[in-house]
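*Asks:* Okay, here's the structure, questions in a sec.
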Amino acid sequence: MALSTLGSATADLRQHLRVILERFEARLEPRVLTSLAQPVCPAAVFDWENQLARDRRELGRDVIAWGYNRLEGGAPDARPAHVQLEGTQYRLVRAKTRQEVGTLFGPIARWRHLYRPADRHAPEPAFAPLAHVPGLVANTTPALAQATGRYLAEDGATQRTVQQRVRDTHGANMGTGRLRELAAGLSEAMSAACPALQVRRLVELLGQADQSRGSRKPVLSVGRDGITLRQHPVGFFEVASCATLAVFDRAGRRLGRVPGAGARTRPGPHERPVDAPGPGRVAGMDRSGPAAGVRDRRRG
Numbered sequence: 001m002a003l004s005t006l007g008s009a010t011a012d013l014r015q016h017l018r019v020i021l022e023r024f025e026a027r028l029e030p031r032v033l034t035s036l037a038q039p040v041c042p043a044a045v046f047d048w049e050n051q052l053a054r055d056r057r058e059l060g061r062d063v064i065a066w067g068y069n070r071l072e073g074g075a076p077d078a079r080p081a082h083v084q085l086e087g088t089q090y091r092l093v094r095a096k097t098r099q100e101v102g103t104l105f106g107p108i109a110r111w112r113h114l115y116r117p118a119d120r121h122a123p124e125p126a127f128a129p130l131a132h133v134p135g136l137v138a139n140t141t142p143a144l145a146q147a148t149g150r151y152l153a154e155d156g157a158t159q160r161t162v163q164q165r166v167r168d169t170h171g172a173n174m175g176t177g178r179l180r181e182l183a184a185g186l187s188e189a190m191s192a193a194c195p196a197l198q199v200r201r202l203v204e205l206l207g208q209a210d211q212s213r214g215s216r217k218p219v220l221s222v223g224r225d226g227i228t229l230r231q232h233p234v235g236f237f238e239v240a241s242c243a244t245l246a247v248f249d250r251a252g253r254r255l256g257r258v259p260g261a262g263a264r265t266r267p268g269p270h271e272r273p274v275d276a277p278g279p280g281r282v283a284g285m286d287r288s289g290p291a292a293g294v295r296d297r298r299r300g
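Structural data, given as C-alpha cells:
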C-alpha cells in the first residue's frame with residue numbers, strides 16, 4: 001500500500017514538474033534573449049535580475065502548491081461520509097473548499113475537504129481534519145511564520161515595516177489582524193520551550209567565559225532592558241521591560257545576553273518567586289550582596 005502510494009506520488013510529481021518546468025522555460029527564454037539584445041546599462045541589468053528573482057519565486061510557488069494540495073487527496077469517496085467530534089455529527093462536503101495560504105514563495109490556493117455539522121442549525125463551525133498536519137499558523141506555512149517572526153523581533157520593527165517586508169520579499173499580503181494572530185501563535189508555541197533554551201544558552205555563555213583568557217574574572221551581570229510605549233489616546237507613557245542576564249569574559253568583553261521574564265508585582269499562581277530554588281535555575285539569589293568572587297557591577 002505504502003509503496004504503491006509512493007510510486008503514484010513520484011509519477012504525479014514528475015509529470016507536474018515537467019509541466020511547470022516547460023512553462024518556466026517558455027517564459028524564461030524570451031526574457032533572457034530580449035535582455036541580451038538590449039544595450040547593457042544598470043537599469044536593464046536591474047530589471048533583468050529582479051524579474052529572474054520573481055520567476056524563481058513563481059517556480060517554487062507552483063511546486064509547493066502541488067505538495068500541499070496532495071496532502072488532501074483527490075476523490076472524496078476515499079473519506080468517511082460522516083464523522084463524530086465531541087458529540088456532534090459532521091457530514092463530508094464533497095466539493096473542496098479553497099483556502100489561501102502564505103508561503104515563502106507567495107500565496108497559494110490550498111483545496112481542502114471540510115466537514116460541516118449534520119444539523120444545519122448547529123452553532124459549531126466546519127472543520128478540516130488535515131488542517132493541523134502542515135502546521136499552519138494564521139494560514140501561514142511554518143517557514144514563512146518563522147521568517148515573519150524574525151522580522152518582528154528585529155530592532156525598530158513595526159507592523160507596517162514587517163508587512164511591507166513580507167510583501168516585498170515573499171509576495172504575500174498580510175493584514176494587521178493576521179499578523180497579530182501569527183505573532184500570538186508563535187509566542188504561545190515557543191513559550192513552553194523558551195525557559196530551557198534560555199538556561200542552555202546561559203550555560204554555554206558561562207562556559208565560554210570560563211575558557212576565555214584575560215586578567216579579570218568572568219562576570220554574570222543582572223540588569224534589565226525595555227522600551228517606552230505611549231498609550232493612545234490618553235497620551236501617557238509606560239515602560240515595558242524584562243530582566244536580562246549578560247555574561248562577560250575574562251577580557252571584559254560581553255559574550256551575550258539572555259532575556260528573562262517581564263516585570264510583575266508578584267508571581268503568578270503557577271510560578272515560583274525569583275529567588276526560590278527549582279529545576280532549571282542556574283543559581284540561587286543572595287539579596288544581601290554578590291556571592292564570593294562575583295563582581296557587583298553596580299558598584300564598579
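Mapped onto UniProt numbering, the consecutive letters of the sequence shown carry residue numbers 1 to 300.
The beta-carbon is built from N, C-alpha and C at its ideal position, and this holds for glycine as well.
With distances taken between CB atoms, is the gap from Arg128 to Tyr90 smaller than 8 Å?
*Replies:* Strictly speaking, residue 128 in this sequence is Ala, with Arg absent from that position. No, the Cβ-Cβ distance between Ala128 and Tyr90 is not below 8 Å.
*Asks:* Identify, in the order they occur along the chain, each residue of the same chain with its Cβ nearer than 7 Å to the Cβ of Asn69, setting aside the five sequence neighbours on each side.
*Replies:* Cβ neighbours of Asn69 beyond the five flanking positions: Arg110 and Trp111.
*Asks:* Which word fits Asp249, buried or exposed, when buried means at least 16 other C-beta atoms lie within 10 angstroms of its C-beta?
*Replies:* Buried, by the Cβ-count rule.
*Asks:* Take Leu245 as the anchor and find which of Arg257, Arg253, Gly235 and Gly156 has the nearest alpha-carbon.
*Replies:* The shortest C-alpha separation from Leu245 is found at Arg257.
*Asks:* Put Arg238 into one of helix, strand or coil per three-state DSSP.
*Replies:* Going by the sequence as given, residue 238 is Glu instead of Arg. Looking at Glu238 - three-state DSSP - the assignment turns out to be strand.
*Asks:* In chain order, what are the residue ranges of uninterrupted alpha helix (DSSP H) at least 4 long that sit wholly in the region 150 to 218?
*Replies:* Listed in chain order, they are 159 to 170, 176 to 191 and 194 to 211.
*Asks:* When the Cα atoms are used, what is the spatial distance from Gly260 to Ile227?
*Replies:* Taking the straight line joining both Cα atoms gives about 15 Å.
*Asks:* Report all residues from its chain with a CB closer than 6 Å to the CB of Met174; omit the five preceding and five following residues, and keep chain order.
*Replies:* Closer than 6 Å at the Cβ level, and outside the excluded window around Met174, lie Gln163 and Val166.
*Asks:* With DSSP collapsed to three states, give me the class of Asp12.
*Replies:* Here Asp12 sits in helix by DSSP.
*Asks:* What does a CB cutoff of less than 8 Å around Phe236 pick up in its chain, not counting 5 residues either side in sequence?
*Replies:* For Phe236, where only same-chain residues beyond five positions count, the Cβ hits under 8 Å are Arg230.
*Asks:* Whole angstroms is fine: what's the gap from Glu72's alpha carbon to His113's?
*Replies:* So the alpha carbons of these two residues sit roughly 7 Å apart.
*Asks:* Output the distance between the C-alpha atoms of Gly171 and Pro107, rounded to the nearest integer angstrom.
*Replies:* Rounded to the nearest angstrom, the two C-alpha atoms are 7 Å apart.
*Asks:* Quick check on DSSP: helix, strand or coil for Arg253?
*Replies:* Of the three classes helix, strand and coil, the one that applies to Arg253 here is coil, per DSSP.
*Asks:* If you draw a straight line from the alpha carbon of Pro42 to that of Arg27, how long is it in whole angstroms?
*Replies:* Using only the alpha carbons, I get a separation of about 23 Å.
*Asks:* I'd like to know whether the C-beta atoms of Thr148 and Leu92 end up nearer to each other than 8 Å.
*Replies:* It is not a contact, given that the beta carbons lie outside the stated cut-off.
*Asks:* Buried or exposed: where does Cys194 fall if 16 or more other Cβ atoms within 10 Å of its Cβ makes it buried?
*Replies:* Result: exposed.
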